[in-house]
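Chemist: Those protein sequence lines, which keep their order, are chains A and B.
The opening residue of the first sequence carries number 35 in the numbering used here; numbering runs sequentially from there.
The opening residue of the second sequence carries number 167 in the numbering used here; numbering runs sequentially from there.
Even glycine gets a Cβ: it sits at the ideal position worked out from N, Cα and C.
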Amino acid sequence: MSSNNPETKYFLLKKSKVKDLLNTLYKEFEIFVPVEEEGMVNFKRYKLNNNFNMEFTNTLLPPKGLFLPQQETLFTINYKKEELIEENLETSRRIIFGIRPCDSRSLTILDEVFKEKSEDVYYLQKRNNTLLIGLGCSNPQIYCFCSSLEVDPGKDSSVDIFLTDLGEKYLVTANTKEGQQLIKDLPVYFEKAGEEEITRALEIQSQAREGFSVGFAKKDTEIFRDVEIIFEHPIWEELAETCLGCGICTYLCSTCHCFDIADELAKNEGRRFRCWDSCQFFSFTNMTSGHNPRPNRKERIRQRFLHKLSYFVSRYGSIACVGCGRCLRNCPVDIDITRVIGAINHE
Amino acid sequence: MKNQTYIELTDTLKQKINQLLNEKVVDYVIGYEKGSLWFKTRPFMIRKQTEVEKVIWNRFCQFNLSTFLKPISQRGEKIGIVAKKCDLKSIVELIKNNQVKKENLYIIQVACDGVLNWQKLENFSGIPVSKVIEIEENALNLVIKTSESSIEVLKSDCLLDKCLVCDFQHSTYADDFISISDENNHEIRNQTIPYFESLEDVDYEGRLEFWLKHFSRCLRCYACRNVCPACFCPTCMFDSQEGLWISKESKTPENYVYHLTRAFHTATLCVECGECERVCPVNIPLMKLNKKLAKEVKDAFGYQAGLQVDELSPFKTFCQEDTDEFK
Numbered sequence: 035m036s037s038n039n040p041e042t043k044y045f046l047l048k049k050s051k052v053k054d055l056l057n058t059l060y061k062e063f064e065i066f067v068p069v070e071e072e073g074m075v076n077f078k079r080y081k082l083n084n085n086f087n088m089e090f091t092n093t094l095l096p097p098k099g100l101f102l103p104q105q106e107t108l109f110t111i112n113y114k115k116e117e118l119i120e121e122n123l124e125t126s127r128r129i130i131f132g133i134r135p136c137d138s139r140s141l142t143i144l145d146e147v148f149k150e151k152s153e154d155v156y157y158l159q160k161r162n163n164t165l166l167i168g169l170g171c172s173n174p175q176i177y178c179f180c181s182s183l184e185v186d187p188g189k190d191s192s193v194d195i196f197l198t199d200l201g202e203k204y205l206v207t208a209n210t211k212e213g214q215q216l217i218k219d220l221p222v223y224f225e226k227a228g229e230e231e232i233t234r235a236l237e238i239q240s241q242a243r244e245g246f247s248v249g250f251a252k253k254d255t256e257i258f259r260d261v262e263i264i265f266e267h268p269i270w271e272e273l274a275e276t277c278l279g280c281g282i283c284t285y286l287c288s289t290c291h292c293f294d295i296a297d298e299l300a301k302n303e304g305r306r307f308r309c310w311d312s313c314q315f316f317s318f319t320n321m322t323s324g325h326n327p328r329p330n331r332k333e334r335i336r337q338r339f340l341h342k343l344s345y346f347v348s349r350y351g352s353i354a355c356v357g358c359g360r361c362l363r364n365c366p367v368d369i370d371i372t373r374v375i376g377a378i379n380h381e
Numbered sequence: 167m168k169n170q171t172y173i174e175l176t177d178t179l180k181q182k183i184n185q186l187l188n189e190k191v192v193d194y195v196i197g198y199e200k201g202s203l204w205f206k207t208r209p210f211m212i213r214k215q216t217e218v219e220k221v222i223w224n225r226f227c228q229f230n231l232s233t234f235l236k237p238i239s240q241r242g243e244k245i246g247i248v249a250k251k252c253d254l255k256s257i258v259e260l261i262k263n264n265q266v267k268k269e270n271l272y273i274i275q276v277a278c279d280g281v282l283n284w285q286k287l288e289n290f291s292g293i294p295v296s297k298v299i300e301i302e303e304n305a306l307n308l309v310i311k312t313s314e315s316s317i318e319v320l321k322s323d324c325l326l327d328k329c330l331v332c333d334f335q336h337s338t339y340a341d342d343f344i345s346i347s348d349e350n351n352h353e354i355r356n357q358t359i360p361y362f363e364s365l366e367d368v369d370y371e372g373r374l375e376f377w378l379k380h381f382s383r384c385l386r387c388y389a390c391r392n393v394c395p396a397c398f399c400p401t402c403m404f405d406s407q408e409g410l411w412i413s414k415e416s417k418t419p420e421n422y423v424y425h426l427t428r429a430f431h432t433a434t435l436c437v438e439c440g441e442c443e444r445v446c447p448v449n450i451p452l453m454k455l456n457k458k459l460a461k462e463v464k465d466a467f468g469y470q471a472g473l474q475v476d477e478l479s480p481f482k483t484f485c486q487e488d489t490d491e492f493k
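Dropping the structure here:
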């Protein structure tokens, strides 16, 4: 999270120099790069001279886990010493190298939640320590629909440094002071971009905005502002018939952020941790009394959609979806948010 | 994707479903409809005759619909179900284990020539699905066309693993078999030996390392459990509210307990439909585990799940000749 600077500057970075750049940055930063393993690309911690894959479409897991890990110890208690030990907060400076525009948008959405009222230090510390180096999409995938949510796949000014793929090299745009400083400190990797390259990058950026296979019109999301109407819509019953109630859509979602907090005991030590949880699970809302306000799949699947399209909008002003398409790609029964929005409006 | 056989089968299937609903033989039919993308299909509950038009049958109908017969989703209605040969094994197990009554079912088996896996399609052709304009089929190959080129790949390379050992024949257990005249002409059948890399020859440490590596990335989304037709416990032990058997944290030892318990629970019930492995978002090779258990059950008891409806599971029978000792 960095301060914006209106003055942007353009540079060039040769692809052949990226590894050297990462090796240099590695001395000062903990770097996360897209790495292909077991047929999946995910952000992994970079080690000296490690291989990485910048030709990826998008990572299977969203980068939210780098800020809100699937499990995270908050504190431990030593009963013998009657002592509470707070977990060391992340202090190392970090870089995410190659974050896509949809995923960087998801972080600004998550910021709203974790900054609201009481600040969530566990999340914010990591966020403040992390520099984002974004990578534009020149080729949206068949399940992408970020353009429906006003994410620009070709250009991202919310990241510190943004890369546009020009084939042999990247056009590098420094958006923030921190980003500019990083480039300034490492002049050996960055050369000034010429007019010709900037023009070509602009073309590539605008091409990325075309060719989406799925999506919806923005005005079709307005219907969700009227919860009274939408709450009893027959579509929830229909979706519940085939929904398996698994956690794929929530765990792979770049904006879903619900977590559970639990205590565990071991010998003389107690530990409090938080871990991802899913509104699709029965246990998510099950009360100690045995009452469950969302007893069936219908109520649970409705919750997921309305949280994104209705409740989040009235609380924070934006839709909690960035169109990354991970739910659409991975849902075992092909529940598709773009179809749901379309069906509610037009069927 | 054009395939005349499948178009004709779809038409016949629609007529059949129409008739079943019209004559009130069933309350609804579980079938497939078109998915959001060309290589996807979606399970579909057909209740009204006006919905029959949406029914499809094609090479991407991979979902094992029998999972919707689990009691948790039943409402005591009479159900029609569209089934591939492999899905019938799951239905047999559900009937055998008193999860659904045969008299409440109407099983429509549809001729199947193997189900295509879109990820294999991408891998073998090197063409992302987003670039594909059309796919044509000839005897052995798929011709994948983009706006610039066309590439041929072996059909058998792109089929689900389970299709490579399937005989695609009519099951006598189905109430109906929808096929066209040349149904027995399966060119791809038995042409390829199924690729299954066994862990049998790997030593204990090697196997432990293998599974720790894979289980360590499990997200515990429970998709493998929820999609499984054999996972029909009313309350899964991992959802128990009375006691937490494993931590909610998705740590390696916890994930290990989850996966091994799941595998043991479904041994003698698993018909190797492969749905768990297919839906796993992080590519855990669960079928290796399931196949291993199926092999042990077969070696020890000569029993295979899903074949005979009147053959009881070894866990439910007592046999004088059984030895008491565990090997």
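By DSSP's criteria, tryptophan 310 of chain A is part of a beta bridge. Which residues make up the other side?
Modeler: Tryptophan 310 of chain A pairs with A/Phe293.
Chemist: Using a threshold of 8 Å, state whether the C-beta atoms of cysteine 324 of chain B and leucine 308 of chain B are closer than that.
Modeler: Result yes, Cβ atoms of cysteine 324 of chain B and leucine 308 of chain B sit closer than 8 Å.
Chemist: Taking Cβ-Cβ distances below 7 Å as the criterion, which residues of the stretch 427-454 of chain B are in contact with chain A?
Modeler: If the cut-off is 7 Å between Cβ atoms, the stretch 427-454 of chain B has Val445, Pro447, Val448, Asn449 near chain A.
Chemist: Can the beta-carbon of tyrosine 177 of chain A be found less than 8 Å from the beta-carbon of leucine 203 of chain B?
Modeler: Yes, these two residues count as a Cβ contact at 8 Å.
Chemist: Quick one: residues in its chain with C-beta nearer than 8 Å to the C-beta of arginine 241 of chain B, no 5 flanking neighbours on either side, listed in chain order?
Modeler: If we look at arginine 241 of chain B and ignore the five residues flanking it on each side, it has no Cβ neighbours.
Chemist: Assign asparagine 302 of chain A to one of two classes, buried (16 or more other C-beta atoms within 10 Å of its C-beta) or exposed (fewer than that).
Modeler: Flag for asparagine 302 of chain A reads exposed.
Chemist: Decide if histidine 325 of chain A is buried, meaning its Cβ has at least 16 other Cβ atoms within 10 Å, or exposed.
Modeler: Exposed, since its Cβ has fewer than 16 Cβ neighbours within 10 Å.
Chemist: For serine 345 of chain B, which three-state DSSP category applies?
Modeler: It is coil, neither helix nor strand.
Chemist: Just reading off the alpha helix (DSSP H) that phenylalanine 376 of chain B is part of, what are its end residues?
Modeler: Its alpha helix (DSSP H) spans residues 370-381.
Chemist: For a contact defined as C-beta to C-beta under 8 Å, what are the partners of phenylalanine 316 of chain A on chain B?
Modeler: Chain B residues near phenylalanine 316 of chain A: Asp405.
Chemist: From the DSSP output, in three-state form, read off methionine 321 of chain A for me.
Modeler: Correct three-state label for methionine 321 of chain A: coil.
Chemist: Is there a Cβ from chain A that is less than 8 Å from the Cβ of serine 296 of chain B?
Modeler: Answer yes: the Cβ-Cβ gap between serine 296 of chain B and chain A drops below 8 Å somewhere.
Chemist: Where do the ends of the beta strand (DSSP E) carrying glutamine 275 of chain B lie?
Modeler: Element bounds for glutamine 275 of chain B: 271-276.
Chemist: What does a CB cutoff of less than 8 Å around lysine 218 of chain A pick up in its chain, not counting 5 residues either side in sequence?
Modeler: Counting only Cβ-Cβ distances below 8 Å, and skipping sequence neighbours, we find nothing.
Chemist: Please list the segments of the alpha helix (DSSP H) lying wholly inside the stretch 208-238 of chain A, counting only runs of 4 or more residues, in order along the chain.
Modeler: Fully enclosed alpha helix (DSSP H) runs of 4 or longer: 211-219.
Chemist: Just the C-alpha distance for leucine 205 of chain A and tyrosine 44 of chain A, rounded to the nearest angstrom, thanks.
Modeler: Roughly 7 Å separates the two Cα atoms.
Chemist: With H, G and I counted as helix, E and B as strand and the rest as coil, what does DSSP make of threonine 110 of chain A?
Modeler: Three-state DSSP puts threonine 110 of chain A in a strand.
Chemist: Just tell me which of B/Gln215, B/Lys236, B/Ile183 has its CA closest to the CA of glutamate 275 of chain A.
Modeler: The shortest Cα separation from glutamate 275 of chain A among B/Gln215, B/Lys236, B/Ile183 belongs to B/Lys236.
Chemist: By Cβ distance, which residues of its chain are closer than 7 Å to serine 147 of chain A, with the 5 residues on each side in sequence left out?
Modeler: A quick correction: the sequence has valine, not serine, at residue 147 of chain A. Contacts found: His291.
Chemist: Under 8 Å, Cβ to Cβ, is there at least one residue of chain B near arginine 134 of chain A?
Modeler: It does not: the Cβ of arginine 134 of chain A has no partner Cβ on chain B nearer than 8 Å.
Chemist: What residues in the stretch 191-216 of chain B bring their beta carbon closer than 8 Å to a beta carbon of chain A?
Modeler: So the close ones are Gly201, Ser202, Leu203, Lys206, Thr207, Arg208, Pro209, Phe210, Met211.
Chemist: Hey, could you find the ends of the beta strand (DSSP E) threonine 207 of chain B is sitting in?
Modeler: Looking at the DSSP string, the run of the beta strand (DSSP E) that includes threonine 207 of chain B is 207-212.
Chemist: So, are the CB atoms of cysteine 365 of chain A and cysteine 283 of chain A less than 8 Å apart?
Modeler: In contact: cysteine 365 of chain A and cysteine 283 of chain A (Cβ atoms closer than 8 Å).
Chemist: Would you mind working out which of A/Met88, A/Gly188, A/Ile119 sits nearest phenylalanine 307 of chain A, comparing C-alpha positions?
Modeler: For phenylalanine 307 of chain A, the nearest C-alpha among the options comes from A/Ile119.
Chemist: Quick one: measure Cβ to Cβ for serine 322 of chain B and leucine 330 of chain B, integer angstroms, because I've assumed they're closer than 8 Å.
Modeler: Between leucine 330 of chain B and serine 322 of chain B the Cβ distance is about 6 Å, and since that is below 8 Å, they are a contact.
Chemist: Under 8 Å by Cβ, that's how I've got lysine 160 of chain A and phenylalanine 101 of chain A pegged, so tell me the actual separation to the nearest angstrom.
Modeler: Sure, about 5 Å apart at Cβ, within 8 Å.
Chemist: Name the chain A residues whose beta carbon is nearer than 7 Å to that of cysteine 387 of chain B?
Modeler: Simply Cys280, Gly281, Ile282, Tyr285.
Chemist: When burial is assigned at 16 or more other CB atoms within 10 Å of the CB, is glutamine 185 of chain B buried or exposed?
Modeler: Exposed, since its Cβ has fewer than 16 Cβ neighbours within 10 Å.
Chemist: Throw me the rounded Cβ distance for the isoleucine 344 of chain B and isoleucine 274 of chain B pair, which I believe falls under 8 Å.
Modeler: At roughly 6 Å, the Cβ-Cβ gap stays under 8 Å, so isoleucine 344 of chain B and isoleucine 274 of chain B are in contact.
Chemist: Per DSSP, what kind of secondary structure is isoleucine 293 of chain B in: helix, strand or coil?
Modeler: In this structure, isoleucine 293 of chain B counts as coil in the three-state DSSP scheme.
Chemist: What residues in the stretch 407-419 of chain B have a beta carbon less than 9 Å from any beta carbon of chain A?
Modeler: Result list: Gln407, Leu410, Ser413, Lys414, Glu415, Ser416, Lys417.
Chemist: Would a C-beta distance cut-off of 8 Å place tyrosine 469 of chain B and valine 463 of chain B closer than the cut-off?
Modeler: Against a cut-off of 8 Å, the Cβ pair of valine 463 of chain B and tyrosine 469 of chain B comes out as a contact.
Chemist: Can you tell me whether glutamate 353 of chain B is buried or exposed? The criterion is at least 16 other CB atoms within 10 Å of its CB, across all chains shown.
Modeler: Only weak support is given to the placement of glutamate 353 of chain B: the predicted model assigns it a pLDDT of 49, under 50, and the question is left unresolved by the model.
Chemist: Name the residue from A/Gly359, A/Gly245, A/Ile369, A/Gln214 whose alpha carbon lies nearest to the alpha carbon of threonine 93 of chain A.
Modeler: Out of A/Gly359, A/Gly245, A/Ile369, A/Gln214, A/Gly359 has the C-alpha closest to the C-alpha of threonine 93 of chain A.
Chemist: Alpha carbon to alpha carbon, how far is glutamate 349 of chain B from glutamate 333 of chain A?
Modeler: Residue confidence for glutamate 349 of chain B is low, a pLDDT of 49 falling below 50, so the modelled location carries little weight and cannot support an answer.
Chemist: Return the residues of the stretch 302-314 of chain A that lie within a Cβ-Cβ distance of less than 7 Å from chain B, sorted by chain order.
Modeler: Here the close residues are Phe307, Cys309.
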